[in-house]
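Only one structure is covered here, and it is reproduced in the block below.
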Amino acid sequence: MKARSKRLMLVGGGVALLIAAVALVLSAFQQNLVFFHTPSEVAEGKAPVGKTFRIGGMVEDGSIAREADGVTVRFAITDTAKVIPVTYKGTLPDLFKEGKGAVVQGKLEAGVFQASEVLAKHDENYMPPEAAHAVEQAQQAAKTLSQ
Amino acid sequence: MTRPERGPSLWRFAAPQHFYPLAGRLAPWFAALAALLTIAGLWIGFVVAPTDATQGQVYRVIFIHVPAAWMSMFIYLIMAFWSAVGLIMNTRLSFVMSQALAPTGAMFCFVALWTGALWGKPTWGAYWVWDARLTSQLLLLFLYFGFIALTRAIEDPRRGDRAGAIIALVGAVNVPIIYFSVQWWNTLHQGASVSVTKAPSMATTMLTGMLVMAIASWMYTIAVVLWRVRPMILERERHTEWVAAELDRLAPGAARKSGGRA
Chain X
1 MKARSKRLML
11 VGGGVALLIA
21 AVALVLSAFQ
31 QNLVFFHTPS
41 EVAEGKAPVG
51 KTFRIGGMVE
61 DGSIAREADG
71 VTVRFAITDT
81 AKVIPVTYKG
91 TLPDLFKEGK
101 GAVVQGKLEA
111 GVFQASEVLA
121 KHDENYMPPE
131 AAHAVEQAQQ
141 AAKTLSQ
Chain B
1001 MTRPERGPSL
1011 WRFAAPQHFY
1021 PLAGRLAPWF
1031 AALAALLTIA
1041 GLWIGFVVAP
1051 TDATQGQVYR
1061 VIFIHVPAAW
1071 MSMFIYLIMA
1081 FWSAVGLIMN
1091 TRLSFVMSQA
1101 LAPTGAMFCF
1111 VALWTGALWG
1121 KPTWGAYWVW
1131 DARLTSQLLL
1141 LFLYFGFIAL
1151 TRAIEDPRRG
1161 DRAGAIIALV
1171 GAVNVPIIYF
1181 SVQWWNTLHQ
1191 GASVSVTKAP
1201 SMATTMLTGM
1211 LVMAIASWMY
1221 TIAVVLWRVR
1231 PMILERERHT
1241 EWVAAELDRL
1251 APGAARKSGG
1261 RA
């Protein structure tokens, strides 16, 4: 019984130490573990400007515009506080839509983000089309009521 | 030799000799349940459940992806649990259980990564990104491979058991990292649609299909592990009389020959 409780202490103590070590490492590398920065972080100068990085947020409503050449797209990424204009040349993923989440990778040049890759970010909500339609109508109704 | 009977107790099944026949008797029932639930779950998921408003049909991957991902994390935690029990209590069966679980966990982990990649291309626009969720899940697959390789590579089973148990316990730290990665850091992977702290953010039939598939994967895991554990017990206990008798029953004559060599 003595040896058994000693082994319990050893295993328990070892796992506890390990968790503490991993927690310290993860909090130290916090900045490198984020997949993207928000437009507000970019505005605060927290993003690695000059290097390739990613910005994530919502595609601003009414911001998508195609250039005359047909392949260059302009839009804006927002986190509702700050807005960053983006230009991108290439095909967009199917789920890329105004008002939906997106992550863009590229460089910030003179206030405009030159994206080399655009990813759509899906949220955790799954609903049938009829339900989505109902939600949309309810939001429209709320908007007209508040006006 | 035998201890005085103290009435029926679950503890007696901690002995390989008693667990072996129990596993053989229970496994077919769990396999049958797994088959029934899989058929029901796939039917709900692919026939009954509606399409998703934004993703269309592609979302149906969740009926396989989510249960597989849950199971891959859960199995690793059970392996860590059995490893800790084995290290502390010195029980023979515990290490066998964790080693029998590993291949199934690795399989579910691979399925989760693979279906996720197939879903990621049409939805995100990329098969793979190095965000915290995907990277930690890939690390889980490598931990499974490491555990399997290490326990198989070490000749002496006692040393192999201990080495594997340490990988299982160390690697278990990764499981909460996978689970909470979508909350702790910005990730491309979406947050949890189903959790204990909030109401699920998905339609009821979709949720039902996913949960039925999750229970089916539990039943499948239990059945497969019970079947996998039986020959492992025979191999480890091959010097005992009951195994000699069992082998003689399975293949009359053959057991005596191999017994003579050992």
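Protein chains in written order, with the working numbering: chain X, 1 to 147; chain B, 1001 to 1262. The C-beta atom is built at its ideal place from N, Cα and C for all residues, glycine as well.
Three-way DSSP call (helix, strand, coil) for Gly1041(B) in this model:
As a position in the second sequence, residue 1041(B) is number 41, starting the count at 1. The answer is helix: DSSP assigns Gly1041(B) an H, G or I state.
Thr87(X) by DSSP, collapsed to three states: which one?
Taking the first sequence and counting its residues from 1, the one referred to as residue 87(X) is at position 87. Three-state result, Thr87(X): strand.
Output yes if chain X places a C-beta closer than 8 Å to the C-beta of Gly1125(B); else output no.
What you label residue 1125(B) is simply residue 125 of the second sequence in a count that begins at 1. Yes, contact with chain X.
Could you check whether Phe1030(B) and Met1213(B) sit closer than 8 Å to each other, using their CB atoms as the reference points?
Counting from 1 along the second sequence, the entry for residue 1213(B) is found at position 213. Counting from 1 along the second sequence, the entry for residue 1030(B) is found at position 30. The Cβ-Cβ distance between Met1213(B) and Phe1030(B) does not fall below 8 Å.
Rounded C-alpha distance that separates Met1001(B) from Arg1230(B)
Residue numbering aside, residue 1001(B) sits at position 1 when the second sequence is read from its first letter. Residue numbering aside, residue 1230(B) sits at position 230 when the second sequence is read from its first letter. Unreliable placement is indicated for Met1001(B), whose pLDDT of 43 sits below 50; the coordinate value is still reported in the next sentence. Distance from the CA atom of Met1001(B) to the CA atom of Arg1230(B), rounded to whole angstroms, is 24 Å.
Determine the contact status of Val49(X) and Leu108(X), defining contact as a CB-CB distance below 8 Å.
Along the first sequence, read from residue 1 onward, the residue named residue 49(X) stands at position 49. Along the first sequence, read from residue 1 onward, the residue named residue 108(X) stands at position 108. Judged by beta-carbon spacing, Leu108(X) lies within the 8 Å limit of Val49(X), meaning their Cβ atoms are closer than that value.
Would you check if the distance between the CB atom of Ser1072(B) and the CB atom of Ala1112(B) is smaller than 8 Å?
Sequence index remark: in the second sequence, residue 1072(B) carries index 72 (1-based). Sequence index remark: in the second sequence, residue 1112(B) carries index 112 (1-based). In contact: Ser1072(B) and Ala1112(B) (Cβ atoms closer than 8 Å).
Taking only the alpha-carbon atoms, compute the straight-line gap between Gln139(X) and Val1225(B) and give it to the nearest angstrom.
As a first step, residue 139(X) must be located in the first sequence, where it is residue number 139. As a first step, residue 1225(B) must be located in the second sequence, where it is residue number 225. Those two C-alpha atoms are separated by around 50 Å.
C-alpha gap between Leu1087(B) and Pro1021(B), whole angstroms:
Locating residue 1087(B) in the second sequence gives position 87, where the first residue counts as 1. Locating residue 1021(B) in the second sequence gives position 21, where the first residue counts as 1. Going from the Cα of Leu1087(B) to the Cα of Pro1021(B) covers about 25 Å.
Taking Cβ-Cβ distances shorter than 8 Å, what residues in chain X pair up with Trp1193(B)?
Against the second sequence, residue 1193(B) aligns to sequence position 193. Sequence inspection shows Ser at residue 1193(B); the Trp mentioned does not correspond to that position. Chain-ordered, the chain X residues with CB closer than 8 Å to the CB of Ser1193(B) read Glu124, Asn125 and Tyr126.
Under the rule that 16 or more other beta-carbon atoms within 10 Å means buried, what is Ala1262(B), buried or exposed?
By one-based count along the second sequence, residue 1262(B) stands at place 262. Because Ala1262(B) sits at a pLDDT of 42, beneath the cut-off of 50, its placement in the model cannot be relied upon, and the point is left open.
In its own chain, which residues sit with a C-beta less than 8 Å from the C-beta of Val1129(B), not counting the 5 before and 5 after it?
Against the second sequence, residue 1129(B) aligns to sequence position 129. Short of 8 Å from the beta carbon of Val1129(B), and not among the five residues preceding or following it, lie these beta carbons of its own chain, in chain order: Gly1120 and Leu1188.
According to the neighbour-count rule (16 or more other Cβ atoms, all chains shown, within 10 Å of its Cβ), is Ala1251(B) buried or exposed?
Taking the first residue of the second sequence as 1, we reach residue 1251(B) at position 251. Ala1251(B) is exposed by the Cβ-count criterion.
Find the residues of chain X that neighbour Tyr1059(B), judging by a C-beta separation of less than 8 Å, and give them in chain order.
The count along the second sequence starts at 1 and reaches residue 1059(B) at position 59. Against Tyr1059(B), the close residues of chain X are Tyr126, in the order they occur along the chain (beta-carbon pairs closer than 8 Å).
Roughly how many angstroms lie between the CA atoms of Phe1019(B) and Ile1166(B), to the nearest whole one?
Against the second sequence, residue 1019(B) aligns to sequence position 19. Against the second sequence, residue 1166(B) aligns to sequence position 166. Straight-line Cα distance between these residues: approximately 25 Å.
Can you check whether the C-beta of Leu1169(B) is within less than 8 Å of a C-beta belonging to chain X?
Walking along the second sequence from the start, residue 1169(B) turns up at place 169. Chain X, which has a Cβ nearer than 8 Å to the Cβ of Leu1169(B), makes this yes.
Ala1049(B) - containing alpha helix (DSSP H), residue span:
Residue 1049(B) sits at position 49 when you count from the first residue of the second sequence. Segment: none, Ala1049(B) is in no alpha helix (DSSP H) and carries neither H nor E.
Glu1246(B) by DSSP, collapsed to three states: which one?
Within the second sequence, residue 1246(B) is the residue found at index 246, counting from 1. Glu1246(B): helix per DSSP, three-state reduction.
Just to confirm before moving on: does the CB-CB distance between Gly99(X) and Asp61(X) stay below 8 Å?
For the purposes of this step, residue 99(X) is identified with residue 99 of the first sequence, where counting begins at 1. For the purposes of this step, residue 61(X) is identified with residue 61 of the first sequence, where counting begins at 1. Yes. Within cutoff.
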